[in-house]
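When you line the sequence shown up against this note's numbering, it's residues 24 to 609, in that order. C-beta atoms are modelled at their ideal positions from N, C-alpha and C, and glycine is treated no differently.
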Amino acid sequence: MLSKVLVANRGEIAVRVIRACRELGIATVAVYSDLDRSALHVRMADEAHALGGQTAAESYLNTEAILDVIERTGADAVHPGYGFFSENADFARAITARGVAFIGPNPEAIEVMGDKISARQAAERVGVSGVPGTTDLITDPEQVRAFGAEHGYPVAIKAAYGGGGRGMKVVADESAVEEAIESAQREALSYFGRDEIYMERYLEQPRHVEVQVLADSHGNCVYLGTRDCSAQRRHQKLIEEAPAAGIDPEVLAAMGEAAVKVAQGCDYVNAGTVEFLYEDGQFYYLEMNTRLQVEHPATELVTGIDLVEQQIKVASGEPLPFTQEEIEISGHAIEVRINAEDPAEGAFLPSPGPITGLRAPSGYGTRWDGGYEAGDEISQFYDNLVGKLICWGRDRPTAIARTLRALDEMEVSGVATTIPADKAILAHPDFAALTHSTKWVEETLDLTGVKSAPASPPSDTEPLVQRDIDVEVNGQRYSVKMWVPETASAPSAAPASGGAKRPKRAAASKSGGSAGSGEVTVPMQGTIVKVMVAAGDTVEAGDPIVVLEAMKMENNVCAEKSGTIAEVRVSEGDSVGGGDVVAVIE
């Protein structure tokens with residue numbers, strides 16, 4: 024068994040892995056950015072080491088910094104969680120080259136499946152067909168237009184080295200091709216460090232069904248049932264459930280067998296997920312995620328199998344302790360992602376800021392996997408997942424009722440959350456009847472009046488500054504850094520720059536500013552990644568003015584009146600706060 028695991032991640036998945044390691048008697052090492060210095064995963068680990076920097080690129084995607092921590096701590100394994108380096112073959116190869124176990128698949132399998140194009144080819148070689156698409160990277164907008172002319176619109180442009188809906192844009196017609204390509208590449212580069220993209224036909228009303236697979240290094244590979252992840256917005260999942268309901272059991276079994284074929288076809292080891300789109304009785308291979316999924320707890324509750332525990336044991340060289348015939352699915356589980364977002368009547372606007380209060384629900388069949396506690400802060404630089412509520416019931420109606428009860432008990436203040444939208448989804452007759460699809464939330468669900476706001480205003484937290492001081496421990500002198508309130512008595516040395524200040528969250532405002540005011544304001548803290556207009560341009564109400572990136576998501580900030588742009592107050596790369604005016608319309 025492994026003895027010390029470095030968790031190369033943050034938030035709730037880092038906490039989840041640390042807990043599993045503790046139950047197995049394995050020591051843990053946390054890594055953290057400047058903004059995560061006091062984060063929950065840092066507080067829970069046996070030891071924690073700074074990576075420096077604030078953004079993901081400066082910290083959690085800094086290979087050399089992580090390798091240095093591995094060397095200094097003597098960690099004999101790395102768990103990448105999901106996102107960041109979890110599907111990066113170069114990182115996995117750098118880890119294993121040092122004789123350190125990578126708790127995931129081998130680099131070759133990541134390489135094949137991480138590249139969505141070669142993954143399509145690998146699936147086709149074992150007889151598993153995908154959605155009509157290409158195996159060529161997009162290098163010219165005319166490729167998309169030619170594909171659209173042949174297969175029809177809409178067309179999905181997707182990150183070749185990504186997943187989770189990041190770097191995916193849907194092109195409704197040929198006029199939107201260039202903009203979609205640029206946006207998909209920006210998001211892919213920001214989240215995955217690579218901007219290659221490809222395309223495929225975008226199905227009209229599919230359900231998103233995935234199969235959890237688990238394979239060991241002894242040639243055993245099984246599937247652990249299915250999950251339905253069709254309740255989505257912006258191609259990112261809101262609610263997942265296990266097993267996928269309302270589909271012929273023979274079709275589900277065929278999906279499971281196809282998933283195992285795909286995994287075995289690339290000599291896969293460890294936990295992974297094969298995703299399919301299902302429509303009109305047919306299923307199509309979508310992609311394989313070579314990592315643990317966000318929604319893995321739903322599978323755990325219906326199978327009784329701890330997936331993180333199995334990941335660690337497989338990475339230690341142990342064989343799977345069960346066969347396909349021994350896996351049983353019991354009851355139904357629903358997982359709700361609680362994101363720091365205001366549903367905003369369907370706009371889903373990120374809501375970074377400090378969590379002033381958090382009370383998770385409890386009770387029979389109720390589980391909370393969280394990455395934050397009251398007093399922690401949701402940063403604009405990272406994913407906005409606060410945590411996951413997972414409820415089990417003897418059948419699907421019971422699971423839905425239990426989840427709605429638990430959501431009523433859930434209390435989060437200081438930031439807006441998706442809870443009001445989650446309730447609207449779960450209580451809707453379409454969801455109960457299984458007539459929803461991946462587009463249902465955005466195209467059918469009526470979220471009029473469904474909003475969220477911080478239940479209480481965030482407290483004004485005094486900013487911290489770095490001070491370098493000398494201390495003496497058992498007669499030995501050390502130079503240390505301390506992060507103290509700005510007004511605290513300072514030692515003789517002047518404070519160093521780079522203090523971590525908690526941004527004060529402005530009151531929420533509607534994207535674009537007050538109707539008719541002419542002032543275009545941003546609704547949240549973030550970074551301007553594109554300016555769409557210049558002074559003197561004529562715009563109509565609803566036209567995009569700037570593109571704002573917040574929590575790794577791009578948001579169009581639009582005009583709320585027609586007129587002429589009198590002034591543009593921001594440039595690409597500028598950081599802005601909620602309520603800041605970015606342009607003026609006359």
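What did DSSP end up calling residue i once you bin it into helix, strand or coil?
i: Q305; result: strand
i: F215; result: helix
i: R428; result: helix
i: S198; result: helix
i: A367; result: helix
i: D59; result: helix
i: P514; result: With a pLDDT of only 49 at P514, under 50, the local geometry of the prediction cannot be trusted, and the value read off the model is given with reservation. Looking at P514 - three-state DSSP - the assignment turns out to be coil, as it is neither helix nor strand.
i: I423; result: helix
i: S339; result: coil
i: R189; result: coil
i: I41; result: helix
i: S598; result: strand
i: H459; result: coil
i: S141; result: helix
i: V438; result: coil
i: V331; result: helix
i: K504; result: strand
i: A71; result: strand
i: S532; result: Reliability fails at S532, whose pLDDT of 37 lies under 50, so the model's placement of it is uncertain and the value that follows must be treated cautiously. The answer is coil: DSSP assigns S532 none of H, G, I, E or B.
i: V494; result: strand
i: E563; result: coil
i: Q208; result: helix
i: E466; result: helix
i: F345; result: coil
i: T550; result: strand
With respect to the alpha helix (DSSP H) encompassing residue i, which residues constitute its N-terminal and C-terminal limits?
i: P611; result: This structure cannot settle anything about residue 611, because the visible part of the chain is limited to 24 through 609.
i: A79; result: Premise fails: A79 is in no alpha helix (DSSP H) and is neither H nor E.
i: Q316; result: No alpha helix (DSSP H) contains Q316, which DSSP labels as neither H nor E.
i: E134; result: P130 to G137
i: R33; result: Segment: none, R33 is in no alpha helix (DSSP H) and carries neither H nor E.
i: H174; result: P164 to H174
i: K284; result: P272 to G288
i: V92; result: T86 to T96
i: T611; result: For the chain, the structure presents residues 24 to 609; residue 611 sits outside this window and is missing.
i: A117; result: A112 to T119
Would the beta-carbon of residue i fall within 8 angstroms of that of residue j?
i: Y307; j: G153; result: yes
i: I270; j: Y301; result: yes
i: E233; j: E298; result: yes
i: A255; j: T461; result: In the sequence as presented, Ala is not what sits at residue 255; that position holds Gln. Contact: yes.
i: V30; j: I41; result: yes
i: V325; j: A265; result: yes
i: A557; j: V591; result: yes
i: R189; j: Y214; result: yes
i: E572; j: V554; result: no
i: V194; j: A203; result: yes
i: I220; j: A207; result: yes
i: E201; j: P164; result: yes
i: G104; j: I36; result: yes
i: A145; j: G127; result: no
i: F371; j: R209; result: no
i: R419; j: A268; result: yes
i: Q403; j: P443; result: no
i: T550; j: G596; result: yes
i: G472; j: H64; result: no
i: E147; j: T313; result: no
i: V435; j: I448; result: no
Write down the C-beta distance between residue i and residue j rounded to the nearest angstrom, noting that I regard them as a contact closer than 8 angstroms.
i: V7; j: S585; result: The chain is shown only over 24 to 609; residue 7 falls outside these bounds and no answer can be derived.
i: V289; j: V135; result: According to the sequence as given, residue 289 is Cys; it is not Val. That belief holds up - the Cβ atoms of C289 and V135 are roughly 5 angstroms apart, short of 8 angstroms.
i: D399; j: A62; result: 7 angstroms
i: A68; j: T96; result: The pair is not a contact, with the Cβ atoms about 11 angstroms apart (cut-off 8 angstroms).
i: A363; j: V438; result: 4 angstroms
i: H355; j: A424; result: With 8 angstroms as the limit, H355 and A424 do not qualify as a contact, their Cβ atoms being about 11 angstroms apart.
i: G156; j: M222; result: 6 angstroms
i: L468; j: K446; result: With 8 angstroms as the limit, L468 and K446 do not qualify as a contact, their Cβ atoms being about 12 angstroms apart.
With residue i as the anchor, note down where its beta strand (DSSP E) starts and where it stops.
i: T544; result: E542 to T544
i: P567; result: P567 to A573
i: L247; result: C244 to R256
i: T27; result: The sequence shown places Lys at residue 27, rather than the Thr named in the question. Start and end: K27 to V30.
i: D239; result: Where D239 is concerned, there is no enclosing beta strand (DSSP E), given that its DSSP letter is neither H nor E.
i: K584; result: Element bounds for K584: n/a, residue is neither H nor E.
So with Cβ pairs under 8 angstroms, would you call residue i a contact of chain C?
i: E563; result: The chain labelled as chain C is not found in the depicted structure, where only one protein chain is given.
At least three beta-carbon pairs within less than 8 angstroms, the segment 380-394 to the segment 409-423: A contact is defined here as three or more CB-CB pairs under 8 angstroms, and the segment 380-394 meets this definition with respect to the segment 409-423.
Below 8 angstroms, can you find three or more Cβ-Cβ pairs linking the segment 157-173 to the segment 326-334? Taking 8 angstroms as the limit for Cβ pairs, the verdict is that the segment 326-334 does not touch the segment 157-173.
Could you tell me whether the segment 342-357 touches the segment 233-243, where touching means 3 or more Cβ pairs closer than 8 angstroms? A contact exists between the segment 342-357 and the segment 233-243.
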